[in-house]
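Sequences listed follow chains A and B, in order.
244 is the number that our numbering gives to position 241 of the first sequence; each next residue is one higher, with no gaps.
328 is the number that our numbering gives to position 323 of the second sequence; each next residue is one higher, with no gaps.
Glycine included, C-beta positions come from ideal geometry on N, C-alpha and C.
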Amino acid sequence: MASAFDTGRRPQWCPGCGNYGILAAVRAALAELGLKPESVVAVAGIGCHGRMTEYLGVNAFHAIHGRAVPVAVGVKLANPSLKVIVHTGDGDAYSIGLSHLLHAARRNVGIAVIVHNNMIFALTTGQAGPTTPKGVRTRSTPSGNPEEPFNPILLALASGATFVARGFSDDVQHLKELIKRAVNHRGFAIIDVIQPCPTFYDVRREIRGRLYKLEGHDPADFKAALNLALEAEKIPLGVLYDVEKPAFEENFKHLVKQPAELASLRKLSLAKLLARFS
Amino acid sequence: MAAKELAVLVGGPAGSGVFATGAIAARALLYHGYSVFATNEYPSTIRGGHQWVLVRGRLGENVYAHCRSIDALLALDAETIRLHEARLGGRGVVVCDESVAKGLCSNARIVALGLREVVEKAGAPPVAVNVAGLSALLAMMGARLEPILEAVKSYYRGRERLAELNVRVATMAYELGVKLEALSSLKLKYEPRGGRLLLDGNSAVALGALAGGMSFFAAYPITPASPILHFLAEVQEEVGAIVVQAECELAAINMAVGAAYAGARAVVATSGPGFSLMAEALGEAAMTETPIVVVNVQRAGPSTGLPTHTAQGDLRFAIHASHGEFPRVVLAPGDPVEAYQLTCEALNLAWRYQVPVILLTDKYLGESYWTIDGLPRVEPDEGSIIVGEAPAGYARYRVTDDGVSPMLLPGTRGARVYANANEHDEEGFVTVDPETVRRMQEKRFRKLRMLRALAEERGVKVYGSGRVALLVWGSTKMVALEALRELEGVKLVQVVWLEPFPAQSLGRELEGCRVLVAENNATGQLASLVREHLLREPDSLLLRYDGRQLEPEEIVEFVRGGRGG
Numbered sequence: 004m005a006s007a008f009d010t011g012r013r014p015q016w017c018p019g020c021g022n023y024g025i026l027a028a029v030r031a032a033l034a035e036l037g038l039k040p041e042s043v044v045a046v047a048g049i050g051c052h053g054r055m056t057e058y059l060g061v062n063a064f065h066a067i068h069g070r071a072v073p074v075a076v077g078v079k080l081a082n083p084s085l086k087v088i089v090h091t092g093d094g095d096a097y098s099i100g101l102s103h104l105l106h107a108a109r110r111n112v113g114i115a116v117i118v119h120n121n122m123i124f125a126l127t128t129g130q131a132g133p134t135t136p137k138g139v140r141t142r143s144t145p146s147g148n149p150e151e152p153f154n155p156i157l158l159a160l161a162s163g164a165t166f167v168a169r170g171f172s173d174d175v176q177h178l179k180e181l182i183k184r185a186v187n188h189r190g191f192a193i194i195d196v197i198q199p200c201p202t203f204y205d206v207r208r209e210i211r212g213r214l215y216k217l218e219g220h221d222p223a224d225f226k227a228a229l230n231l232a233l234e235a236e237k238i239p240l241g242v243l244y245d246v247e248k249p250a251f252e253e254n255f256k257h258l259v260k261q262p263a264e265l266a267s268l269r270k271l272s273l274a275k276l277l278a279r280f281s
Numbered sequence: 006m007a008a009k010e011l012a013v014l015v016g017g018p019a020g021s022g023v024f025a026t027g028a029i030a031a032r033a034l035l036y037h038g039y040s041v042f043a044t045n046e047y048p049s050t051i052r053g054g055h056q057w058v059l060v061r062g063r064l065g066e067n068v069y070a071h072c073r074s075i076d077a078l079l080a081l082d083a084e085t086i087r088l089h090e091a092r093l094g095g096r097g098v099v100v101c102d103e104s105v106a107k108g109l110c111s112n113a114r115i116v117a118l119g120l121r122e123v124v125e126k127a128g129a130p131p132v133a134v135n136v137a138g139l140s141a142l143l144a145m146m147g148a149r150l151e152p153i154l155e156a157v158k159s160y161y162r163g164r165e166r167l168a169e170l171n172v173r174v175a176t177m178a179y180e181l182g183v184k185l186e187a188l189s190s191l192k193l194k195y196e197p198r199g200g201r202l203l204l205d206g207n208s209a210v211a212l213g214a215l216a217g218g219m220s221f222f223a224a225y226p227i228t229p230a231s232p233i234l235h236f237l238a239e240v241q242e243e244v245g246a247i248v249v250q251a252e253c254e255l256a257a258i259n260m261a262v263g264a265a266y267a268g269a270r271a272v273v274a275t276s277g278p279g280f281s282l283m284a285e286a287l288g289e290a291a292m293t294e295t296p297i298v299v300v301n302v303q304r305a306g307p308s309t310g311l312p313t314h315t316a317q318g319d320l321r322f323a324i325h326a327s328h329g330e331f332p333r334v335v336l337a338p339g340d341p342v343e344a345y346q347l348t349c350e351a352l353n354l355a356w357r358y359q360v361p362v363i364l365l366t367d368k369y370l371g372e373s374y375w376t377i378d379g380l381p382r383v384e385p386d387e388g389s390i391i392v393g394e395a396p397a398g399y400a401r402y403r404v405t406d407d408g409v410s411p412m413l414l415p416g417t418r419g420a421r422v423y424a425n426a427n428e429h430d431e432e433g434f435v436t437v438d439p440e441t442v443r444r445m446q447e448k449r450f451r452k453l454r455m456l457r458a459l460a461e462e463r464g465v466k467v468y469g470s471g472r473v474a475l476l477v478w479g480s481t482k483m484v485a486l487e488a489l490r491e492l493e494g495v496k497l498v499q500v501v502w503l504e505p506f507p508a509q510s511l512g513r514e515l516e517g518c519r520v521l522v523a524e525n526n527a528t529g530q531l532a533s534l535v536r537e538h539l540l541r542e543p544d545s546l547l548l549r550y551d552g553r554q555l556e557p558e559e560i561v562e563f564v565r566g567g568r569g570g
């Protein structure tokens, strides 16, 4: 079934890149959700993740660096019947486009944001990013990264995201389940996906033995989610937070129910509006 | 002597209701049958700092712009008298409350009235001294009470308690003014004409966008463009549009690009600083061939500049904004009716040719009011989207003879709609193949052929005739039209399409004429386009760059040879 979400182009990432796992997980998730390719829009930013739109057989908008989220917000508001998935990287979402991410979370816009977090600027050949751990040598930090990384999960929770999860690109089955839940979530969903970059920063060895899957956690418990986000040694995978609140697009009730109308032109009579100016 | 013309200035500290007074005065004159123009000036503060509104009326003919000399000054504080008294014409009067006049040197022009007393007696809040002063002043000039009360009610529509209190204040203060009629040399006439509107440029843009089928609007608050956001936010449910206040201008334009990709006719409005931020996504819209309309209500820069003052300094920037090369359209309306028509046209052009369209207005156009007889009927045209089933072998960026590829909306059965901000092939896939890159660039630029033809056809407007051509763009047109009343042998030439530039039609209009250029910027940006496209050096330039629009009197002096160079 997953072949329906294949553009037929052979993916081109480095051998061992985490993007292969994320692509496989998204395709499988969409297939298992029974979605039609034409009902999905993938919006990607700039980075190695950006090639997702080349391979994922759904409608797509390959945006400029850092602005995938606001483009996706526009798509969702204009046609809420579309399932809108954002593929973005740690540079795209957490550095240049950070404010958009937080505000989309705050508004609870019904988009699913999948952050390909390889903790490095990879496409630009290996500079430190906002999630690169302190001390890591990169091409822009040859003596070791002097900056502290921030905690994207904590940030997402603080911003009001109603669905916050963490996945691992090497665990496709688990990630697929997270994506299915995120795509069907009412409102804003974010999955921070740990994505090893074998060329510039392969975290596989570093995180081995630290990852564990959440069990028995109540995703409606905000404080428990905060505590999980604060864990330093162990890295929890799974849905940390999941609550239901009205989505932003539901505010536009005058439009939200007739997306089909968008295609047809509205010829508006201004007579009533003009009374204000008389 | 009946007043065929008059100019009243209302001034006071921010927060004293100066704008409300101006709006009511403008309506009161309109209801008397005058053609009205109103403009304002204010600092970037909410309380304190001086602000004023100038209301100018003319009977029987249009009034296009402001003027230096005023006939009456309504002073809500002593500072107003100090700042504006010199503008009073020979028999002009100042009306103020007794408390304002106290401490000033005795001055025969000053009519100090017990306005506060009236407000107290009426049981209205102290700020209502503005309406009291206006009503008394208009009464002194022989105004009728009924149109004044209508103006008050119209201004406070939907705020019934305030309307009622201010009607009471206006009625009582009117009695004060009537007794002093002899003090004013102005005698207002009452020749009501129905059906006319008072329209500002910002509202005109909003109305034009709605008429053009806009269903998505996003903006970040910025002076002087915010009134467009306010108006659309207020009417969004009534008109069935989505109005979003974005977290920044980057977000606003990217949301609009996303919405347009999904099929909504989308508009964003901002001023220079926000337009700078939007430059990035202009290229994105161009490369993805997503239709988008960007309104830049220019203010004086650079940087934060004079955030509440007017300028025409963004012309070159609008033409070139964003990196790389792509076709775009830049339009500059000169008055509210043009602002309305061109905003609708901007949407139509964007959706027909799948290019970004930039509308350049300015603070003077956006926040001044003009009397208009009505708005012409304009409507959205079909554009270049295919609605319904996808044609076999659909490709979003199909290379076509005219450069316009058929646009499908995501959600169309059987179609994959792939928009790509990277260079791409016909189906939208990323490419670096030199042959494909060249073909796609040429495809996009082929649209310019049709756009250039439209620019030549619609891009230049001419008023009057003569051997002297006064060349303007944007709201300076209105100042020049006002100046034209005093000038002979001058033809006013307005460039409406700035990009593509209507070089041939402009060249024809300027042929054999002495060319004078008047602009609201420091470097003569329109003049530079004339040099570039027509290889012609204008004979003289009048440039104003102090945050104020040119005055009609200045233009008259300039054309007569007194200024500029």
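If you measure from the beta carbon of Gly77(A) to each beta carbon in chain B, is any gap under 7 Å? Interface residue, yes.
Report the CB separation of Leu81(B) from Val60(B) in whole angstroms; it is logged as a contact under 8 Å. Not quite, the Cβ-Cβ distance comes to about 15 Å (not below 8 Å), so this is no contact.
If we require 4 or more residues per run, which alpha helix (DSSP H) segments fall completely within the stretch 134 to 191 of chain B? Complete alpha helix (DSSP H) runs here, min 4: 134 to 145, 150 to 160, 165 to 183.
Name the chain A residues whose beta carbon is nearer than 9 Å to that of Thr176(B)? Scanning chain A for C-beta atoms nearer than 9 Å to the C-beta of Thr176(B) yields nothing, as the closest lies near 22 Å away.
Should the stretch 115 to 122 of chain A be called in touch with the stretch 193 to 213 of chain A, which here means at least 3 C-beta pairs below 8 Å? Short answer: they touch.
For a contact meaning CB atoms closer than 8 Å, what does Glu151(A) contact in chain B? Per Cβ cutoff of 8 Å: no residues; Glu151(A) is ~25 Å from chain B at best.
Does Glu252(A) pass the burial test, meaning 16 or more other C-beta atoms within 10 Å, or should it be called exposed? By the neighbour-count criterion, in which a residue is buried when 16 or more other Cβ atoms sit within 10 angstroms of its Cβ, Glu252(A) is buried.
Is there a C-beta anywhere in chain A that falls below 7 Å from the one on Pro197(B)? Between Pro197(B) and chain A, the shortest Cβ-Cβ separation is not below 7 Å.
Could you tell me which of Leu93(B), Ala127(B), Lys126(B) sits nearest to Glu112(B), measuring between CA atoms? With the sequence shown as reference, residue 112(B) is identified as Asn, and Glu is not the correct amino acid for it. Checked all of Leu93(B), Ala127(B), Lys126(B); the closest Cα to Asn112(B) is Leu93(B).
Please report the straight-line C-alpha distance between Glu387(B) and Gln446(B), rounded to a whole angstrom. If I take the Cα positions, the gap works out to 25 Å.
Per DSSP, what are the beta-bridge partners of Val246(A) in this structure? None; Val246(A) has no bridge partner.
Nearest-angstrom Cα distance between Leu26(A) and Ala216(B)? About 43 Å.
Rounded straight-line distance, which links the Cα of Ala424(B) to that of Gly60(A): A straight-line Cα-Cα distance of about 13 Å links Gly60(A) and Ala424(B).
Three-state secondary structure (DSSP) at Ala38(A)? Inspection of the sequence shows that residue 38(A) is occupied by Leu rather than by Ala. Assignment of Leu38(A) by DSSP, reduced to helix, strand and coil, places it in the coil class.
Three-way DSSP call (helix, strand, coil) for Ile49(A) in this model: Here Ile49(A) sits in coil by DSSP.
For Lys260(A), which residues of its own chain have a beta-carbon under 8 Å away from its beta-carbon, when the five flanking residues on both sides are left out? Summary for Lys260(A): the model assigns pLDDT 46, below 50, so the residue's position carries little reliability, and this model does not support an answer.
Would you mind reading off the limits of the beta strand (DSSP E) that contains Ser60(B)? Before going on, a small fix: residue 60(B) reads as Val here, not Ser. Start and end: 55 to 64.
Along the alpha helix (DSSP H) that carries Leu354(B), what are the first and last residues, could you check? Here the alpha helix (DSSP H) through Leu354(B) covers 341 to 358.
Please say whether Val74(A) and Gly263(B) have beta carbons closer to each other than 7 Å? For Gly263(B) and Val74(A), yes; Cβs fall inside 7 Å.
So which residues on chain A does Arg421(B) lean against when the C-beta distance must stay under 8 Å? Result: Thr10, Pro40, Glu41, Gly60, Val61, Asn62, Ala63.
Chain B beta carbons: is any one of them nearer than 7 Å to that of Phe255(A)? It does; some Cβ of chain B falls within 7 Å.
Applying a beta-carbon distance threshold of less than 8 Å, which residues of chain A neighbour Pro385(B)? Residues of chain A whose Cβ lies closer than 8 Å to the Cβ of Pro385(B) are, in chain order, Leu268, Arg269, Lys270.
Tell me whether Asp221(A) sits in a helix, a strand or coil according to DSSP, three-state version. Three-state DSSP puts Asp221(A) in coil, outside helix and strand.
What does Leu352(B) touch in chain A if you count any residue whose Cβ is under 8 Å from its own? The contacting residues do not exist; Leu352(B) stays about 10 Å from chain A at best.
Interface partners of Leu258(A) on chain B, CB under 8 Å: One finds Ser220, Gly245, Ala246, Ile247 in chain B with Cβ atoms closer than 8 Å to the Cβ of Leu258(A), taken in chain order.
Any beta-carbon of chain C closer than 7 Å to the one on Gly416(B)? You won't find chain C in this structure, because its protein chains are A and B.
Provide the residue(s) that pair with Thr376(B) in DSSP beta bridges, ordered along the chain. DSSP lists Leu203(B) as partners of Thr376(B).
Could you have a look at Asp173(A) and say whether DSSP puts it in helix, strand or coil? In this structure, DSSP gives Asp173(A) a state outside helix and strand, which the three-state scheme calls coil.
Comparing the C-beta of Tyr402(B) with each C-beta of chain A, is any distance below 7 Å? Not one chain A Cβ lies under 7 Å of Tyr402(B).
By alpha-carbon positions, which one of Pro239(A), Phe153(A), Ala192(A), His52(A) ends up nearest to Glu247(A)? For the residues Pro239(A), Phe153(A), Ala192(A), His52(A), the minimum Cα distance to Glu247(A) belongs to Ala192(A).
Using the beta-carbon count (16 or more within 10 Å), is Cys51(A) buried or exposed? So Cys51(A) counts as buried.
So, helix, strand or coil for Thr405(B), using DSSP? DSSP places Thr405(B) in the coil class of the three-state scheme, outside both helix and strand.
Quick one: does Ala66(A) have its CB under 7 Å from some CB of chain B? Interface residue, yes.
Mapping the DSSP letters down to three states, classify Lys260(A) as helix, strand or coil. Confidence in Lys260(A) is poor, its pLDDT being 46 and thus under 50, which makes the residue's placement too unreliable to answer from.
Using only the alpha-carbon positions, how far apart do Pro145(A) and Met55(A) sit? Going by C-alpha positions, Pro145(A) is about 30 Å away from Met55(A).
Sequence ranges, alpha helix (DSSP H) only - wholly within the stretch 460 to 500 of chain B, length at least 4: DSSP runs (the alpha helix (DSSP H)) wholly in the stretch 460 to 500 of chain B: 481 to 489.
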